[in-house]
Amino acid sequence: MKRAIFFVPSLVLATLCLHQSAVAQEFSFRRAVELALQHSGTITLASAEEERARQSLKEGRNLFLPQLTVGSGLAATYGFPLSLEGSSPSIINVNEQNFLINPAQREFNRAARSEWTATGFSTADRKNQVILETALDYAQLDAVTSMLRVLEQQQAAAGKAEQITSQRVQAGVDNEVELTRSRLASAKARMRIAEAQGSADLLRERLSQLTGVSAGQIQTSGESIPRLPEISQETDLAQQAVGSSPQIKQASESAFAKHLRALGEHKLSYPAVDFVAQYGLFSKANNYQKFFARFQRNNATVGVAIRFPFLNFAQRAHAAAADAEAVAAKKQADNVKEQVSNETLKLQRSVRQLAAAKEVSQLEYQLAHSDAEAAAARVQAGQAGLKDQERAYAAEQESYFAYLQSSFQLVKAEVELLRQTNELRQWALGGEK
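The numbering of the sequence shown is our numbering, which starts it at 27 and goes up by one.
Okay, structure coming up:
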């Protein structure tokens, strides 16, 4: 016979991978994760940032390709034909310019490539976050659904006990205090069901927002939740996390991009060479024949523009500021690396501690369960009263609650550890990289 248990919504995750739910329409764990990855606004924003970085790289690279502009400089001329926006008045003018030798832009392009790579790692990290949220919400909802069935049995048992106590009071066997206790037990059962139902509704709404599926259509399947892998305390998971963490890779690439941009700022003081070409179709209406020995309708200039920056103190200061930003970014990347390493080691060691705590609480629950059964047997034999049985049931409920709490802490640590080692996606999607 199932016993009534104490329920706290924030701790129902403890039954992750321990309970199964029979559902009318299956909405598997894997399907929920896949839909969340497709529907997530967070991932959409990350993908947009990644695309922006890619286009920035293309923009910088295209500066070395021909930039062609076709236009017209039609104008009425009085006296000498003055220039319009740097070009002589013309019926048609064509301008072309592109970088030939530009050391600074080369470094800026390398920096843009690193920034693009960094946004890719950022997208991967955000995907892991979405998977984590979906996995925990799905498992928690599955646990709450199973818990509601137990609570409904608790309410039925409490109602039956209240009815029996009422009859005993009417018969003069028990006093009114015992009836009040029975009513209190029934009220607590109804309160816990209301809490559980509210928690289930909230979890369904969150899953609906994550996956795009209507909340009313979400029914979990406990069998579809993959088993968490065993955690070995001998494996150097901290080193594994340092080598695979998207957070570390993003921070490192961002720091390298800052370094390359600083190099580019310094190389703006280097000589640069551009290819330039210009064509103009002139008209006699602009008085060229009056001021030049010979008029020619078609005119063109092709050559290179060479720049030798010598004195630019403002640029030197800007380059020094870029150096400082690069140093700060490098230190920040080191801090992220240390943080991930420390957090991974902490989680790995906590798994061992929490596994031991779970075993202790499980044994305590087994003892309390045995005591409750023994109390029920004594009541039936007339050797104990209902109060003794209720106390035994209350102790059993408290021990089961402690077991759920310790299980929750263990599961949470294991799932977070999977994210630290970048194995969360593989676990959630059944081996998919």
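We put the CB at the ideal spot given by N, CA and C, even for glycine.
I think residue i touches residue j, with their Cβ atoms under 8 Å apart; what is that distance to the nearest whole Å?
| i | j | result |
| --- | --- | --- |
| G306 | S116 | 4 Å |
| A177 | A222 | Just to set this straight, residue 177 is Leu in the shown sequence, not Ala. The Cβ separation is near 6 Å, so the contact holds. |
| A288 | A348 | 4 Å |
Does the Cβ of residue i have 16 or more other Cβ atoms within 10 Å, making it buried, or fewer, making it exposed?
| i | result |
| --- | --- |
| S387 | buried |
| Q282 | What sits at residue 282 in the sequence shown is Phe, not Gln. Counting Cβ neighbours within 10 Å, F282 comes out buried, since at least 16 surround it. |
| L393 | exposed |
| M173 | buried |
| N448 | buried |
| N135 | buried |
| R333 | exposed |
| D163 | buried |
| L389 | exposed |
| S432 | buried |
| Q4 | As shown, the chain starts at 27 and ends at 459. That puts residue 4 outside it, with no answer to give. |
| V199 | exposed |
| T95 | exposed |
Considering only C-alpha positions, which residue in the set the options is nearest to residue i?
| i | options | result |
| --- | --- | --- |
| Q379 | E60, Q259, N313 and A165 | Q259 |
| S240 | R342, L229 and D360 | L229 |
| L91 | Q341, N128 and R375 | N128 |
| G185 | T171, R207 and N201 | R207 |
| L337 | Y296, E279 and V170 | Y296 |
| Q131 | K275, S140, A220 and A298 | A298 |
| A382 | Y429, G224 and I219 | Y429 |
| I274 | I69, D360 and L63 | D360 |
Do you know offhand how far residue i's Cα is from residue j's?
| i | j | result |
| --- | --- | --- |
| L263 | D151 | 18 Å |
| F301 | F321 | 27 Å |
| A311 | N324 | 15 Å |
| H45 | A277 | A caution first: H45 carries a pLDDT of 43, below 50, which makes its placement in the model too unreliable to give a value. |
| L210 | T191 | 12 Å |
| F308 | L108 | 13 Å |
| D168 | R57 | 15 Å |
| I118 | T327 | 14 Å |
| P255 | V441 | 10 Å |
| Q181 | E399 | 19 Å |
| L373 | V362 | 16 Å |
| A161 | R417 | 37 Å |
Taking 7 Å as the cut-off, does the CB of residue i come closer than this to any heavy atom belonging to the ligand HEM?
| i | result |
| --- | --- |
| L436 | The ligand HEM is absent from the structure shown, which contains no ligand whatsoever. |
For the 8 Å Cβ check, are there 3 or more pairs between the stretch 124-133 and the stretch 311-320? no
Is the stretch 227-238 touching the stretch 52-71, taking contact as three or more C-beta pairs under 8 Å? yes
Using 8 Å as the threshold, is the stretch 289-297 in touch with the stretch 82-98, meaning 3 or more CB pairs across them? no
Specify whether the stretch 444-453 and the stretch 143-160 touch according to this definition: at least 3 beta carbon pairs, one from each stretch, less than 8 Å apart. yes
Is it a yes or a no for the stretch 135-154 touching the stretch 73-81, going by three-plus beta-carbon pairs under 8 Å? yes
Stretch pair the stretch 358-377 + the stretch 264-272: three plus CB contacts closer than 8 Å: yes
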